[in-house]
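77 is the number that the working numbering gives to position 76 of the sequence shown; each next residue is one higher, with no gaps.
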Amino acid sequence: MTSLTSIKNIGFIGLGIMGQSMAGHLLAAGYQVNLYNRTKSKTDSLVAKGAKWFDTPGEVAAHSNMIITMVGFPSDVEEVYFGEKGIIASANNAILVDMTTSSPSLARKIAVQAAKKGLASLDAPVSGGDIGARDAKLTIMVGGDKAVFDHVLPILQKLGTSIILQGDVGMGQHTKMCNQIVIASTIMGVAEGLSYAKKVGLDPAVVLQSIGGGAASGFQLNVLGARMIVGDYAPGFYVEHFIKDLKIAVEEAEQMQLNLPGLLLAKSLFEKMADRGLQRNGTQGIFQIYLD
Ligand code: NAP
């Protein structure tokens, strides 16, 4: 098992919408941050602030006491952990923390392969969106060993404000699925309420002033609803990533013979967006389906 030595060098792999802000907070907190991303240019601004670029995930891993991954899809997670120049092959006495939204089974696979090399791992997906990442106010849902969780908690606290160990490896990802299941039906409700407002001749922006302060309030309505009203469909959170999450949630629910009709409907509507080539919209782009 990884000995829980003081963490000074943090590897960060996946510097997209979320990862760029998150790695920036760690750098600002005084850690040496080692970077790798598929598109190198996305690391330029962090390197200019003192982060160090490495040519492969493995090289990042070899130079880091803790390695955080924030890539896109489970296939990307597989590649950075298990690829020839990947993390597992090169990490040495490090704690591996996958913050990508990925499958619980893949979290368990990482834990098994890591343990064979004496490495500890946690799954720690997040919620709070691009704004939560920017403001270091993420909700972080963790699965894994409590001693390892306690050891990395001060670092996770640089990224988020609600950080809870939910259980053993995989339970962080299961908790994130609960989050995505709630969001799936909520964002449909927001799009439906606002399309009703439009159709009946109300001003949706003024409607939002009323209902955004009532029992329906929340990130989906107040932030994403506001973007729907002005037709701002830039990502935030990519539709293609949400479809990935909904598929994982549907698969897990089917295995448990749990019927979740709202989840299935949301999956079909977001897949409709992808069929129209809108998979790189933010999730608020679902409003377009209702404007037809
Ligand atoms: P993103 O902007 O696509 O960032 C992912 C980054 O990972 C990209 O920069 C990508 O490289 C890099 N990457 C992918 N595969 C790689 C590989 N094999 N090797 C090296 N780098 C690789 O996505 P994001 O919005 O930051 O989301 C990241 C994860 O967090 C996703 O799983 C998403 O579901 C989850 N999440 C997102 C939000 C949100 O609001 N955005 C909220 C909560 C959770 P390229 O630059 O070459 O594409």
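Idealized CB from N, CA, C, for every residue including glycine.
Whole angstroms is fine: what's the gap from residue i's alpha carbon to residue j's?
i: Lys200; j: Leu225; result: 19 Å
i: Lys138; j: Gly25; result: 14 Å
i: Phe13; j: Val240; result: 24 Å
i: Met229; j: Ala148; result: 43 Å
i: Phe238; j: Leu123; result: 23 Å
i: Ile11; j: Val207; result: 46 Å
i: Pro105; j: Phe83; result: 16 Å
i: Ala49; j: Asn66; result: 22 Å
i: Thr44; j: Asn260; result: 42 Å
i: Phe288; j: Asp233; result: 10 Å
What do you reckon, is the C-beta of residue i under 8 Å from a heavy atom of ligand 1?
i: Thr102; result: yes
i: Lys273; result: no
i: Gly17; result: yes
i: Tyr239; result: yes
i: Tyr32; result: no
i: Ser106; result: no
i: Glu253; result: no
i: Ser91; result: no
i: Ile14; result: yes
i: Asp246; result: yes
Restricting to Cα atoms, I'd like to know which of the options is closest to residue i.
i: Leu157; options: Lys177, Ala134, Ile188; result: Ala134
i: Leu265; options: Leu36, Gly59, Val183, Pro75; result: Val183
i: Asp131; options: Tyr37, Met23, Lys177, Gly263; result: Met23
i: Leu160; options: Leu27, Asp233, Met257, Ala192; result: Leu27
i: Ala30; options: Ile141, Ser46, Thr44, Lys9; result: Lys9
i: Ile286; options: Gly202, His64, Leu195; result: For clarity, residue 286 is Gly in the given sequence; the question names Ile instead. That would be Leu195, whose Cα lies nearest to the Cα of Gly286.
In chain order, what residues of the same chain lie with their CB nearer than 8 Å to the CB of residue i, ignoring the 5 residues before and after it?
i: Lys273; result: Ile290
Spatial neighbours of residue i within its chain, please: CB distance less than 6 Å, with the 5 preceding and 5 following residues excluded, ordered by chain position.
i: Lys86; result: Thr57, Gly59
i: His175; result: Pro105
i: Phe74; result: Lys245
i: Gly15; result: Thr70, Met71, Val72
Once the 5 residues before and after residue i are set aside, which same chain residues still bring their CB inside 7 Å of it?
i: Leu120; result: Thr3, Ala92, Ala95, Leu97
i: Ile89; result: Tyr82, Phe83, Gln114, Ala115, Lys118
For the pair the segment 278-292 and the segment 237-254, tell me if three or more CB-CB distances fall below 8 Å. yes
Touching by the beta-carbon criterion (3+ pairs, under 8 Å), the segment 183-199 and the segment 160-175: no
Pair every Cβ in the segment 77-87 with every Cβ in the segment 105-125, then say whether three or more of these pairs are closer than 8 Å. yes
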